[in-house]
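K.L.:
2 protein chains.
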Amino acid sequence: MQTIFFKNKPRMIATGSIAGPKECEGVVGKYVDKTLLDDMFGESTYEKAECKMLTYAISKTIENAGMDEKQVDMLISGDLLNQIISASFAARDFDFPFLGVYGACSTLAESYALAATLVDGGYAKKVVAATGSHFSSAERQYRYPLELGNTRPPQAQWTVTGAGGAFIADMGSVNDGQNYPAITCATIGKVVDFGVTDVNNMGAAMAPAAADTILNHLRDTGRKADYYDLIITGDLGALGSRILKDLTWEKGVEIRENHVDCGEIVYNVIEDEFQGGSGAGCSAVVFNSYIYDKLRKRELNKVLLCATGALLSTVSSGQGESIPCICHAVAIENS
Amino acid sequence: MQTIFFKNKPRMIATGSIAGPKECEGVVGKYVDKTLLDDMFGESTYEKAECKMLTYAISKTIENAGMDEKQVDMLISGDLLNQIISASFAARDFDFPFLGVYGACSTLAESYALAATLVDGGYAKKVVAATGSHFSSAERQYRYPLELGNTRPPQAQWTVTGAGGAFIADMGSVNDGQNYPAITCATIGKVVDFGVTDVNNMGAAMAPAAADTILNHLRDTGRKADYYDLIITGDLGALGSRILKDLTWEKGVEIRENHVDCGEIVYNVIEDEFQGGSGAGCSAVVFNSYIYDKLRKRELNKVLLCATGALLSTVSSGQGESIPCICHAVAIENS
């Protein structure tokens with residue numbers, strides 16, 4: 000059993016999000032709280048811009064929940080940069096306890112799962128969970144500095160510049176009569192490694208982890224795939240999404256009708272992005288703006304958010320290792 | 000309120016640990032499960048050796064608990080390497096769900112706090128929490144490759160080569176009549192930054208975070224400092240430990256009698272280590288061998304483990320940032 004059930008149904012009472020100029024040309028442009036015209040966000044380095052976006056997303060999430068900082072019991076956050084400095088430095092700006100997590104691009108779902116656990120068990124009443132990423136800081140950390148002008152292979156994805164978070168609270172502590180979406184259960188992933196070594200082909204590396212977690216989630220919950228209005232993965236991209244659909248289909252689970260990938264839909268024009276978006280910011284921006292809006296409007300009522308992460312580093316790749324991947328799934332449902 | 004209370008008192012039923020040759024010359028040598036004669040552990044790189052140590056610590060923890068892998072519900076782990084590859088690659092070797100965490104050298108206490116939360120709330124019955132570090136991989140990642148032969152300043156510490164973990168289980172699922180130490184509460188730290196920028200002086204950077212968490216812990220629990228037989232910090236080192244004692248004393252809390260730092264006691268001979276040990280492996284090795292043994296023998300009955308972490312990266316330091324720090328505290332008590 001990999002699935003945790005939340006009997007007290009912690010509520011997701013608000014989200015906050017911010018995205019870069021390229022991202023806001025796409026579907027999320029109308030839904031994010033702030034659109035950046037310049038992806039430096041007034042800072043002198045990409046890393047500082049990434050941290051500032053995450054700080055903004057956390058603040059905005061709290062504001063959108065109608066709360067102030069003093070009411071927040073805990074922040075759970077992580078990001079893609081070495082030593083998760085965006086999250087750590089963002090946490091420095093706030094006066095509440097901080098738990099750092101790392102699951103590469105699966106960080107959003109991991110932080111939601113832990114936030115829901117803390118709230119459901121009565122250990123905290125109000126938790127903010129957030130993550131983000133920045134194209135330019137990710138490129139120079141994981142691949143090459145942009146100044147080198149390296150050619151990108153067709154299977155590559157484009158790290159999303161953006162950040163997003165959610166305010167997860169227990170029902171009793173909100174009590175404003177509104178019916179917010181609840182986190183009903185979470186499936187914690189195992190590390191899955193299919194031996195992919197191409198660091199430009201994250202979709203293929205991560206799809207088996209997504210398939211594993213989705214299949215285990217359905218087994219644990221006794222649900223059919225069509226129980227969900229939407230099974231949304233984090234950043235498999237177009238190729239990875241196709242592989243996922245094939246892998247689940249091979250196991251007798253058809254998700255063709257209700258599966259979409261955040262990376263597939265985040266960009267409007269597929270130019271340099273090839274397979275679409277990626278990064279911790281990908282699901283953070285898409286879920287916390289566009290998808291959450293649809294949940295609140297009840298255009299979607301049952302969503303399974305499956306954020307996938309590739310747990311590699313440049314050192315592990317340089318030492319000839321393949322790419323271990325993970326996927327955590329969180330069910331968010333209107334009642 | 001930063002403190003979480005565990006009313007069901009999750010038990011720490013076993014630990015597992017491994018340490019390098021230099022470490023085993025000291026007090027932990029008699030207590031660890033495995034002493035390495037060669038810090039490469041038969042691997043071709045320091046990073047692979049670090050990962051293998053962590054894998055060993057996880058396996059040994061499960062074995063020492065008298066369990067097999069199939070009985071483990073979850074692994075919570077993290078480490079100091081970029082993208083926590085030691086933990087992620089170690090998790091690949093096991094068939095249970097994995098939550099990656101990052102709190103630099105505070106990772107042990109963070110993972111214990113989360114494991115206790117999951118077990119106490121009934122979300123998991125048996126959780127392994129582990130971490131580790133390696134002197135040589137940390138040096139080349141955070142400072143300079145060893146081959147450069149850089150001189151170490153007198154305020155520097157020596158990253159511990161070792162790994163350790165604990166098996167945290169609910170009382171009902173063990174039921175062997177033994178009275179194991181319980182995790183009774185955990186205080187989640189805030190990020191504290193006193194503006195220290197010297198990356199060789201981690202003790203001074205982290206001491207204010209340790210003081211903040213200890214003072215908040217005592218306030219939240221209503222306990223006096225002398226409630227604990229031992230208040231043990233993770234890796235402040237000799238200098239940091241002195242600063243901590245001064246900082247708490249200024250606030251009217253005297254911990255001179257019952258405080259010791261893992262980094263201060265881990266090495267026998269202070270040669271190149273100057274202020275003592277550091278790293279995620281420091282508290283992991285000392286607590287999970289020497290201290291746990293004393294808890295089991297009831298030579299110690301109430302221990303507050305306060306693992307401190309410096310949340311910097313080489314990039315943040317290079318960009319002129321100071322060092323944000325954190326400390327999480329976990330109370331482990333015999334009843």
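Protein sequence lines, in the order shown, are assigned to chains V and P. Counted the way numbering that gives the first Met the number 0 counts, the first sequence spans residues 0 to 334. Counted the way numbering that gives the first Met the number 0 counts, the second sequence spans residues 0 to 334. Even glycine gets a Cβ: it sits at the ideal position worked out from N, Cα and C.
So with Cβ pairs under 8 Å, would you call residue 379(V) a contact of chain P?
P.N.:
Residue 379(V) lies beyond the residue range present for chain V, which begins at 0 and ends at 334; the question has no answer from this structure.
K.L.:
Skipping 5 residues on each side, what residues in its chain have a beta carbon closer than 6 Å to that of residue 109(P)?
P.N.:
As a working mapping, residue 109(P) is identified with position 110 in the second sequence. Within the same chain, residue 109(P) has close Cβ partners 100, 102 and 327.
K.L.:
Spatial neighbours of residue 214(P) within its chain, please: C-beta separation below 8 Å, excluding the five flanking residues on both sides.
P.N.:
For the purposes of this step, residue 214(P) is identified with residue 215 of the second sequence, where counting begins at 1. Answer for residue 214(P): 247, 250 and 252, listed in chain order.
K.L.:
Could you check what DSSP says for residue 73(V) in three-state terms: helix, strand or coil?
P.N.:
Sequence index remark: in the first sequence, residue 73(V) carries index 74 (1-based). If DSSP states are grouped into helix, strand and coil, residue 73(V) belongs with the strands.
K.L.:
For residue 317(P), count neighbouring C-beta atoms within 10 Å of its own C-beta (all shown protein chains included) and say buried if the count is 16 or more, exposed if not.
P.N.:
The sequence position of residue 317(P) within the second sequence is 318, counting from 1. Flag for residue 317(P) reads exposed.
K.L.:
For the alpha helix (DSSP H) containing residue 88(V), list its first residue and its last residue.
P.N.:
Indexing the first sequence from 1 puts residue 88(V) at position 89. Note, residue 88(V): alpha helix (DSSP H), 84 to 91.
K.L.:
Quick check: the segment 179 to 187 of chain V against the segment 76 to 95 of chain V, are at least 3 beta-carbon pairs closer than 8 Å?
P.N.:
They do not touch, by the three-pair rule.
K.L.:
Tell me the rounded alpha-carbon separation between residue 141(P) and residue 220(V).
P.N.:
Taking the first residue of the second sequence as position 1, residue 141(P) is located at position 142. Taking the first residue of the first sequence as position 1, residue 220(V) is located at position 221. The alpha-carbon atoms of residue 141(P) and residue 220(V) are separated by roughly 44 Å.
K.L.:
Going by C-alpha distance, which of 237(V), 14(V) and 205(V) is nearest residue 289(V)?
P.N.:
Along the first sequence, read from residue 1 onward, the residue named residue 289(V) stands at position 290. The shortest C-alpha separation from residue 289(V) is found at 14(V).
K.L.:
Express the C-alpha separation of residue 229(V) and residue 90(V) in angstroms, rounding to a whole number.
P.N.:
Here the question's residue 90(V) lines up with position 91 in the first sequence. Here the question's residue 229(V) lines up with position 230 in the first sequence. For residue 90(V) and residue 229(V), the distance between alpha carbons rounds to 32 Å.
K.L.:
List the residues of chain P that residue 84(V) touches, going by C-beta distances under 9 Å, in chain order.
P.N.:
As a working note, residue 84(V) is residue 85 in the first sequence. 310, 311, 312, 314, 315, 320 and 323, listed in chain order.
K.L.:
For residue 61(V), decide whether its Cβ has a neighbour in chain B, counting only Cβ atoms nearer than 8 Å.
P.N.:
Looking for chain B here will not work: the only protein chains present are V and P.
K.L.:
Given this structure, state the Cα-to-Cα distance separating residue 10(P) from residue 310(P), to the nearest angstrom.
P.N.:
The residue given as residue 10(P) occupies position 11 in the second sequence. The residue given as residue 310(P) occupies position 311 in the second sequence. Rounded to whole angstroms, residue 10(P) to residue 310(P) spans 29 Å at the Cα level.
K.L.:
Hey, quick one: how far does the alpha helix (DSSP H) through residue 259(P) stretch, first residue to last?
P.N.:
For the purposes of this step, residue 259(P) is taken as residue 260 along the second sequence, with counting starting at 1. Counting along the chain, residue 259(P) falls outside any alpha helix (DSSP H), though it belongs to the beta strand (DSSP E) covering 258 to 260.
K.L.:
Within a Cβ cutoff of 6 Å, which residues of the same chain sit near residue 44(V), ignoring the five residues on either side of it in sequence?
P.N.:
Within the first sequence, the letter at position 45 stands for residue 44(V). Cβ neighbours of residue 44(V) beyond the five flanking positions: none.
K.L.:
Consult DSSP for residue 186(P) and reduce its assignment to one of helix, strand or coil.
P.N.:
The sequence position of residue 186(P) within the second sequence is 187, counting from 1. It is a strand residue.
K.L.:
For the segment 159 to 212 of chain V, which segments carrying the alpha helix (DSSP H) assignment without a break, of at least 4 residues, lie completely within its bounds, in sequence order?
P.N.:
For the segment 159 to 212 of chain V, whole alpha helix (DSSP H) runs of length 4 or above, ordered along the chain, are 170 to 173.
K.L.:
Quick check for students: name the residue ranges of the alpha helix (DSSP H) that lie wholly in the segment 19 to 63 of chain V, counting only runs of 4 or more.
P.N.:
Here the runs fully enclosed are 20 to 23 and 45 to 63.
K.L.:
Compute the Euclidean distance between the alpha carbons of residue 40(V) and residue 255(V), then round it to the nearest angstrom.
P.N.:
Numbered from 1 along the first sequence, position 41 holds the residue referred to as residue 40(V). Numbered from 1 along the first sequence, position 256 holds the residue referred to as residue 255(V). So the two alpha carbons sit approximately 38 Å from each other.
K.L.:
Can you tell me where the alpha helix (DSSP H) holding residue 100(P) begins and where it ends?
P.N.:
Locating residue 100(P) in the second sequence gives position 101, where the first residue counts as 1. Counting along the chain, residue 100(P) falls outside any alpha helix (DSSP H), and DSSP gives it neither H nor E.
K.L.:
Grab me the residues of residue 194(P)'s own chain with a C-beta within less than 6 Å of its C-beta, minus the 5 sequence neighbours each way, in chain order.
P.N.:
As a position in the second sequence, residue 194(P) is number 195, starting the count at 1. Contacts found: 321.
K.L.:
DSSP on residue 220(V), reduced to helix/strand/coil?
P.N.:
What you label residue 220(V) is simply residue 221 of the first sequence in a count that begins at 1. Residue 220(V): helix per DSSP, three-state reduction.
K.L.:
Is residue 277(P) close to chain V? Criterion is C-beta to C-beta, closer than 8 Å.
P.N.:
Position 278 of the second sequence, counting from 1, holds the residue named residue 277(P). No, its Cβ sits nowhere closer than 8 Å to a Cβ of chain V.
K.L.:
Can you list the residues of chain P that residue 95(V) reaches, using a CB-CB cut of under 7 Å?
P.N.:
Along the first sequence, one-based indexing puts residue 95(V) at 96. Simply 189.
K.L.:
When the Cα atoms are used, what is the spatial distance from residue 117(P) to residue 123(P)?
P.N.:
For this step, residue 117(P) is matched to residue 118 along the second sequence. For this step, residue 123(P) is matched to residue 124 along the second sequence. Roughly 5 Å separates the two Cα atoms.
K.L.:
For the candidate residues 302(P), 323(P), 223(P) and 218(P), whose alpha-carbon lies nearest to that of residue 0(P)?
P.N.:
Position 1 of the second sequence, counted from the first residue, corresponds to residue 0(P). Looking at the Cα atoms, 218(P) is the closest of the given residues.
K.L.:
What does the Cβ neighbour count give for residue 346(P), buried or exposed, with the cut at 16 atoms within 10 Å?
P.N.:
Limits of chain P in this structure are 0 at one end and 334 at the other, which puts residue 346(P) out of reach.
K.L.:
Residue range of the alpha helix (DSSP H) that residue 242(P) falls in?
P.N.:
As a working mapping, residue 242(P) is identified with position 243 in the second sequence. Looking at the DSSP string, the run of the alpha helix (DSSP H) that includes residue 242(P) is 236 to 249.
K.L.:
Determine, for residue 41(P), whether the minimum Cβ-Cβ distance to residues of chain V falls below 8 Å.
P.N.:
Taking the second sequence and counting its residues from 1, one reaches residue 41(P) at position 42. No, no contact with chain V.
K.L.:
Please determine, among 31(V), 179(V), 149(V) and 200(V), the residue with the shortest C-alpha to C-alpha distance to residue 333(V).
P.N.:
On the first sequence, residue 333(V) is found 334 positions in, with the first residue counted as 1. Closest option to residue 333(V), Cα to Cα, is 179(V).
K.L.:
8 Å is my cut-off, CB to CB: does residue 44(P) come that close to chain V?
P.N.:
For the purposes of this step, residue 44(P) is taken as the residue at position 45 of the second sequence. Yes, its Cβ sits closer than 8 Å to a Cβ of chain V.
K.L.:
Any idea what DSSP makes of residue 17(P), helix, strand or coil?
P.N.:
In the second sequence, counting from the first residue as 1, residue 17(P) sits at position 18. Residue 17(P): strand per DSSP, three-state reduction.
K.L.:
Can you pull the chain P residues whose beta carbon is under 8 Å from the beta carbon of residue 81(V), in chain order?
P.N.:
As a position in the first sequence, residue 81(V) is number 82, starting the count at 1. In chain order: 81, 82, 312, 313 and 314.
K.L.:
Report the CB separation of residue 125(P) from residue 181(P) in whole angstroms; it is logged as a contact under 8 Å.
P.N.:
As a first step, residue 125(P) must be located in the second sequence, where it is residue number 126. As a first step, residue 181(P) must be located in the second sequence, where it is residue number 182. Going by Cβ atoms, the distance from residue 125(P) to residue 181(P) rounds to 15 Å, so no, they are not a contact pair.
K.L.:
Report buried or exposed for residue 274(P), applying the criterion of at least 16 other Cβ atoms within 10 angstroms of its Cβ.
P.N.:
Your numbering for residue 274(P) matches position 275 in the second sequence. Label assigned to residue 274(P): buried.
K.L.:
Does residue 51(V) pass the burial test, meaning 16 or more other C-beta atoms within 10 Å, or should it be called exposed?
P.N.:
By one-based count along the first sequence, residue 51(V) stands at place 52. Buried, because 16 or more other Cβ atoms sit within 10 Å of the Cβ of residue 51(V).
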